[in-house]
Structure formats: C-alpha cells, structure tokens
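One structure below.
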Ligand code: 3SL
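Right, here's the structure in full:
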C-alpha cells in the first residue's frame, strides 16, 4: 500500500486521484459527519458552494432534510445546524439527509470526489476507517487534510498520522510512506498521541474556535480516539453514507 498525505485540497496533484482516498477535517467537518451518520442520518450531502446546496436541498422534502454549515466557524443564517459534532444528535438527525457546507472540509472532499472508494475519517472513527482500507487492499491511498483556507493544520496532520500508525501496525500488506508530509504527520501523532485534546487546542484552528467561545464539548468529542464504528463512504458524488 502506497500512502501519501496532502495537507490541503490545493496540494493534491492535478489529474485523477487513485481509486482510494480519505479526507480528514478533525475540527470539525469529518467529526461531525461521523457523528451524524452514527446517529442515523440517512446521508450527508456535501457542497463546496452554498448556492448549489440551497438549490439541491430545496428539491428534498422539508420534513426529511436539514441544512448544516459554517463559514469562519459560525453557523450560517437560515441553516438548521452549525458544524458541531455534538449538535447532530439522533433526535435531530435520525432518518434525515444533511445538506452540508463548511469552509474547508467540503472543499477537500470535492477535490477527490472522483475516487471510487472515498472515505471521511476523524479521530473518533479512525480504527473503523483504517480497517475498511485494510480490507480494500488499495495499491495507492491518498489522505487529504482540510487545513484552513489553504494553510496547513496541525490537527489534520495529527489524525493523518494516527491513521497511518494504525495501518503500519495492523495491515498485512507492506505500507510505504510516499511523501515527507506523511512522515511528519507520523511525528505529530507521536508527539500528542497520549493527549489528543492538547494537540487540538494547540492548533491555530483550535485557538480560533476558543475565541468564538463555548466549544469545550466539541473539543472533547473531536479528541476521542476509536470510539465510533461508522465508516462514512461516498456513494455518489458528494453524498456520504454509513458503510
Ligand atoms: O473548515 C471546515 O470545514 C470546518 O470544519 C471548520 S469549523 O471547525 O466548523 O470552524
């Protein structure tokens, strides 16, 4: 298995991705996706563009849809939910389709949406996603972080390192680390693996969320490792379902 890590969508090489790719946005898009699907959301349909989201959502029955999103960490006007993993509880999301757009995470997803096996991962479902990858035996796997508006993010590197460490320890296939970004992601994982929340709070986006206020529950949720068995997988462009 040949693994590469790209910090943000813009770093992804031009052309088609390999058959398998994983998108990570620990704070908070892919953590929210994992929680929503784990709580029974029918699907999470992701959009980079808000107008596209509104047009598509308007064709869906009001009773079975929710609009979820943020810009700059703040919930969008007219939306039902912001991008908080603790807000997508079963009572709100069970059986519903979530139409979602976030500042960075949904952009990374769209950059690799042509991958046949496209997963999203967070710390919460790291082991479950890693096991799905091991089962699929991909020759190449791209791990794509989300960062912040084109810039590197510590917490996505940390999670990319966590995923890679699991694959190195548990895959029977040889795992080859194909770029320096991935080697440094492993070093970030080693640095904070005993205290993931400290990594999230050290990260610049963590500090941004602290400034926005009242995100303690989000931090403790996003920092939990291997708690969920849900594997979000793209079933059609932009649409993620539990697999
Ligand atoms: O950038 C994103 O996609 C979001 O996850 C950012 S936030 O944590 O909701 O502010």
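Residue numbers (the working numbering): 44 to 286. Glycine is no exception: its CB is placed at the ideal position from the N, C-alpha and C atoms.
Item: Pick from 191, 130 and 216 that is closest to residue 250, judged by C-alpha positions; Value: 191
Item: Contact under 7 Å by Cβ, residue 44 with residue 155; Value: no
Item: Any 3 or more C-beta pairs closer than 8 Å across the segment 58 to 75 and the segment 158 to 166; Value: yes
Item: Proximity test, residue 109 beta-carbon vs the ligand 3SL heavy atom, cut-off 6 Å; Value: no
Item: Neighbourhood of residue 262 by C-beta, 6 Å cutoff - its chain only, sequence neighbours within 5 removed; Value: 240 and 243
Item: Start-to-end residues for the beta strand (DSSP E) that takes in residue 276; Value: 275 to 279
Item: Contact test: residue 71 Cβ vs the ligand 3SL heavy atom, cutoff 6 Å; Value: yes
Item: Residue from 84, 225, 100 and 269 whose Cα sits closest to the Cα of residue 142; Value: 100
Item: C-beta contact flag for residue 85 and residue 138 at 7 Å; Value: yes
Item: Distance cut-off 6 Å: residue 113 Cβ against heavy atoms of the ligand 3SL; Value: yes
Item: Sequence-distant residues of the same chain with beta carbon closer than 7 Å to residue 224, five excluded per side; Value: 48, 49 and 50
Item: Validate contact between the segment 128 to 137 and the segment 182 to 191 using beta carbons, cut 8 Å, 3 pairs; Value: no
Item: Beta-carbon spacing of residue 71, residue 265 below 7 Å; Value: yes
Item: Cβ-heavy atom distance, residue 281 to the ligand 3SL, below 6 Å; Value: no
Item: Extent of the continuous beta strand (DSSP E) to which residue 121 belongs; Value: From DSSP, residue 121 is part of no beta strand (DSSP E); its letter is neither H nor E.
Item: Contiguous alpha helix (DSSP H) assignments of at least 4 residues, all confined to the segment 184 to 228; Value: 197 to 213
Item: Rounded distance between the beta-carbons of residue 167 and residue 74, thought under 8 Å; Value: 6 Å
Item: Nearest residue (CA-CA) to residue 175, options 59, 98 and 286; Value: 286
Item: Assigned secondary structure, residue 173 (DSSP; H/G/I helix, E/B strand, else coil); Value: helix
Item: Straight-line Cα distance separating residue 277 from residue 76; Value: 12 Å
Item: CB contact flag (residue 189, residue 256, <7 Å); Value: no
Item: Strand pairing of residue 267, partner residues [DSSP]; Value: Partner(s): none; residue 267 has no beta bridge.
Item: Proximal residues to residue 211 (C-beta, below 6 Å), its chain only, five neighbours per side dropped; Value: 218
Item: Contact test: residue 245 Cβ vs the ligand 3SL heavy atom, cutoff 6 Å; Value: no
Item: Nonlocal neighbours in the same chain, by C-beta distance under 6 Å from residue 91, ignoring five residues either side; Value: 149, 150 and 153
Item: Whole-angstrom C-beta distance between residue 282 and residue 334, which should lie under 8 Å; Value: Residue coverage of the chain in this structure runs from 44 to 286, which leaves residue 334 outside it and unanswerable.
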